[in-house]
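In this text, residue positions in the sequence shown follow this note's numbering: the first is 6, and each later residue adds one. Even for Gly, the Cβ is constructed at its ideal location relative to N, Cα and C.
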Amino acid sequence: MTIEDQGGREPLESGTDRPPREPVLRAPLSALLLAGSFLVLYGLQDLAGSDALIARFGFSPADLAQGGAGGLLTALFLHGGWAHAFLNALGALAFGAPIARLFGKGAGAAAAFLAFFLLCGALSSLGYAALHWGKPYMLVGASGGVTWPGHGFS
């Protein structure tokens, strides 16, 4: 068979016309687990009653102004709806995958990636609190945790 018979393509070394299959998601496991956790936890949040969970585990600048820090990390795993959780999961894959690769493979690297996510999320929440100091607004979602790393490496 000539190259012209194959539509101008060179035959592959294995003798097949098919290219090797690529994985659908190439994100490291730690980024996939973080993204998946947003969806699973929002599903549980939805079943348990969002309002009560947000009131208890959301982050409020008013609470911080009164000396509390409740919700600083837990708010990262609460979301305002399915679209919010889904978009944060996509953000975790888009921005988190390259960062997770920088940390490497293994349990220690996954723990470091999670710690970095929590640090970025906490810093984002503190920035929000600085802008809305003393206000009783409730902050939920992982947007700050998943986008801060992207800003730092862009």
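Going by DSSP, what residue range makes up the alpha helix (DSSP H) through residue i?
i	result
residue 45	34-53
residue 89	87-108
residue 118	112-136
Excluding sequence positions up to five away, which residues of its chain have a Cβ less than 7 Å from the Cβ of residue i?
i	result
residue 69	134
residue 141	65 and 67
residue 58	50 and 83
Per DSSP, residue i forms a beta bridge with which residues?
i	result
residue 62	Per DSSP, none; premise fails for residue 62.
residue 144	64
Please classify residue i: is it buried, with 16 or more other beta-carbons within 10 angstroms of its beta-carbon, or exposed?
i	result
residue 98	buried
residue 153	buried
residue 88	exposed
residue 120	exposed
residue 128	exposed
residue 139	exposed
residue 63	buried
residue 52	exposed
Who are the near neighbours of residue i in its chain, counting only those whose CB is closer than 6 Å to its CB and skipping five residues on each side?
i	result
residue 94	40, 43 and 44
residue 150	81, 122, 125 and 126
residue 47	84 and 90
residue 118	35, 105 and 108
residue 61	none
Spatial neighbours of residue i within its chain, please: CB distance less than 8 Å, with the 5 preceding and 5 following residues excluded, ordered by chain position.
i	result
residue 137	66
Tell me whether the stretch 31-38 and the stretch 108-126 touch, counting them as touching only if at least three CB pairs, one residue from each stretch, are closer than 8 Å. yes
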